[in-house]
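S.K.: Those sequence lines, one after another, are chains H and L.
So the first sequence is numbered by our numbering: it starts at 176 and just counts up by one.
So the second sequence is numbered by our numbering: it starts at 37 and just counts up by one.
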Amino acid sequence: MLQIALYFALLSLVSVGGMPSVMPEMQRIVVDVEHWLTAPEFTQLFALAQAAPGPNVLVTALVGWKVAGIPGGLLALSAFCLPAGALAYTIGQLWDRFRDAEWRKTFQRALVPVTIGFVLSGGYLLGTPHGLEWRSVLIMAASAAILFAAKVNPLWILAGGGVLGALFF
Amino acid sequence: MEPTPPKSLWELYWGFLSIGARSFGGVLPWAHRVMVEERRWLAPADFAEVLALCQFLPGPNVGNVSIVVGRRWFGLKGAIVAFLGLMALPLVWVFAMALLYADYATDPMVRAVVTGVGITGGGLFIGTALKMAKPLIKSRPWAIALALACFGTISFGRLSLFLVLPVAALISWLLARRNLV
Numbered sequence: 176m177l178q179i180a181l182y183f184a185l186l187s188l189v190s191v192g193g194m195p196s197v198m199p200e201m202q203r204i205v206v207d208v209e210h211w212l213t214a215p216e217f218t219q220l221f222a223l224a225q226a227a228p229g230p231n232v233l234v235t236a237l238v239g240w241k242v243a244g245i246p247g248g249l250l251a252l253s254a255f256c257l258p259a260g261a262l263a264y265t266i267g268q269l270w271d272r273f274r275d276a277e278w279r280k281t282f283q284r285a286l287v288p289v290t291i292g293f294v295l296s297g298g299y300l301l302g303t304p305h306g307l308e309w310r311s312v313l314i315m316a317a318s319a320a321i322l323f324a325a326k327v328n329p330l331w332i333l334a335g336g337g338v339l340g341a342l343f344f
Numbered sequence: 037m038e039p040t041p042p043k044s045l046w047e048l049y050w051g052f053l054s055i056g057a058r059s060f061g062g063v064l065p066w067a068h069r070v071m072v073e074e075r076r077w078l079a080p081a082d083f084a085e086v087l088a089l090c091q092f093l094p095g096p097n098v099g100n101v102s103i104v105v106g107r108r109w110f111g112l113k114g115a116i117v118a119f120l121g122l123m124a125l126p127l128v129w130v131f132a133m134a135l136l137y138a139d140y141a142t143d144p145m146v147r148a149v150v151t152g153v154g155i156t157g158g159g160l161f162i163g164t165a166l167k168m169a170k171p172l173i174k175s176r177p178w179a180i181a182l183a184l185a186c187f188g189t190i191s192f193g194r195l196s197l198f199l200v201l202p203v204a205a206l207i208s209w210l211l212a213r214r215n216l217v
């Protein structure tokens, strides 16, 4: 259990861009190195964390839970969130302190396009679990267009996506 | 309308609880909706700025957002309260779903619905990215080009984030100094 906490704490600090960037490494440790889970089990946990509400870091709680029950889940989640959280706290402080500094304004403008690109990539990764095929693209494009163009509660869009999923897959 | 930060830790907690509670298919679209559209804690530009910082930092993006804005408004207490508010309900639900799903995982209908919801979640991310890009389309064509280049190299070029992030950040910094992004 301590081992899993240590691994996740290390992963936490390199998870730039969030969960998707460290998924392959996490799978390698959990499945190939430590044999805590099989590959299909791991994939299923990730799909579940994806479909459940909440940040997809919750997959770390599910992995910990499979290995060592609910305490394992809480420990794994904390281990993954605390180091990065402490860093965000400190950097956030500096960020606000230099609010009017010229370099910060430049940096801030510079980050926006990169962020948009990463959010697009994350959406594309989540939206094409079976690769690039017409059913996924249709559901993905329709939900993106509705969210962009109409002021509709996203829960309705998701419900619609569930219905289309039932019809298509 | 001027954005107004939350007035109490309770308001902060409830706001993040309501983000976590509804965040099926990804937290980001809900974070935008609650903080910018419903409660008007942040102006759209502030949101984009905080999110940009948090995506650059390691860790869960919206988790980082909760820590950064919670600290900005209420210090350490705010950071902790916002983060716990965000995580509380999703944690309970993910465990509940994992227990339930174990019984129904083989049902093709359940699988199909989960797949559909997952794909739609991806679409919501794309819609959120479009919302963020909209103000830049006419005035900052370089920003759009760079965003598309990041998307292409990661999603289709399958390049590692560890490579794309520093290179893209450097290019973007140079463009920003020339006032192009």
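Even glycine gets a Cβ: it sits at the ideal position worked out from N, Cα and C.
1) Starting from the beta carbon of residue 121 of chain L, find every residue of chain H whose beta carbon is closer than 9 Å, and list them in chain order.
2) So, is residue 66 of chain L buried or exposed, given that buried needs 16 or more other C-beta atoms within 10 angstroms?
3) When the Cα atoms are used, what is the spatial distance from residue 156 of chain L to residue 184 of chain H?
4) For residue 175 of chain L, report the span of its alpha helix (DSSP H) as first-last.
5) Going by the DSSP bridge assignment, what does residue 202 of chain L pair with across the sheet?
6) Give, in chain order, every residue of the region 160-173 of chain L whose Cβ lies closer than 7 Å to some Cβ of chain H.
7) Would residue 178 of chain H be called buried (16 or more neighbouring beta carbons within 10 Å of its own) or exposed?
8) Starting from residue 68 of chain L and walking both ways along the alpha helix (DSSP H), at which residues does that stretch end?
9) State buried or exposed for residue 175 of chain L, treating a residue as buried only when at least 16 other CB atoms are found within 10 Å of its CB.
10) Residue 303 of chain H and residue 62 of chain L - do their beta-carbons sit closer together than 9 Å?
11) Check the Cβ of residue 137 of chain L against every Cβ in chain H and list those closer than 7 Å, keeping chain order.
12) Three Cβ pairs or more, each shorter than 8 Å: is that satisfied between the region 286-301 of chain H and the region 190-203 of chain L?
13) Could you round the C-beta distance between residue 93 of chain L and residue 276 of chain H to whole angstroms and report it? I think they count as a contact, below 8 Å.
14) Since residue 289 of chain H and residue 195 of chain L should fall inside the 8 Å C-beta cutoff, what is the C-beta to C-beta distance between them, to a whole number of angstroms?
15) Contact check, residue 151 of chain L vs residue 217 of chain H under 8 Å by CB: the rounded distance?
16) Return no unless some Cβ of chain H is closer than 9 Å to the Cβ of residue 151 of chain L.
17) Using a beta-carbon distance below 9 Å, is residue 85 of chain L in contact with chain H?
18) Got a sec: does the ligand FMN put a non-hydrogen atom nearer than 8 Å to the Cβ of residue 281 of chain H?
M.R.: The relevant details are as follows:
1) Chain H residues near residue 121 of chain L: none, gap ~12 Å exceeds 9 Å.
2) When all chains shown are included, residue 66 of chain L counts as buried.
3) 31 Å
4) Careful: residue 175 of chain L lies outside any alpha helix (DSSP H) and carries neither H nor E.
5) The partner list for residue 202 of chain L (beta bridge, DSSP) is empty, contrary to what the question assumes.
6) 160, 161, 162, 163, 164, 165, 166, 167, 168 and 169
7) Residue 178 of chain H is exposed by the Cβ-count criterion.
8) 64-68
9) exposed
10) no
11) 223
12) yes
13) In this structure residue 93 of chain L is not in contact with residue 276 of chain H, their Cβ atoms being roughly 18 Å apart against a cut-off of 8 Å.
14) The Cβ separation is near 14 Å, so there is no contact.
15) With a Cβ gap of about 17 Å, residue 151 of chain L and residue 217 of chain H do not count as contacting.
16) yes
17) yes
18) The model on display carries no ligand, and the ligand FMN is accordingly not part of it.
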